Amino acid sequence: MINIKLDDKYTLTSNSMNYIIEETKVIQDGSKKGETYKTVYGYYGTVEAALKGFKELKIRTSDAKSIKELLEVSKETDKKIEKILGGI
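Residue numbers for the sequence shown, in the numbering used here: 54 to 141.
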């Protein structure tokens, strides 16, 4: 199974049927404080679809206050994806 860090929050993993985008979070309170857990954001049939899903996730969870800021998030995410792909 694959395990590729997309950025500080998200990882691309896989199982036998899907590519999966996950976020690793740290428990902040209680007896399990400091332990990590994963939240799944999507299951995808292809790597391409997973990377498109990652881009949409970054856009939708951004703090953009204008279209210009939203487009900047989109461009920054495209650059991250290009870096992950190594210029393929």
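Glycine included, C-beta positions come from ideal geometry on N, C-alpha and C. Bear in mind that the values here come from a model prediction, so they are computed numbers and not experimental data.
- Beta-carbon to beta-carbon, E75 and V93 are separated by about 5 Å, close enough to satisfy the 8 Å threshold.
- Secondary structure at I80: coil, using DSSP grouped into helix, strand and coil.
- Within the same chain, and ignoring the five residues on either side of D60 in sequence, the residues whose Cβ sits closer than 7 Å to its Cβ are K133.
- When beta bridges are read from the DSSP output, G87 appears opposite no residue.
- In terms of Cβ geometry, A103 and Y63 do not form a close pair [threshold 8 Å].
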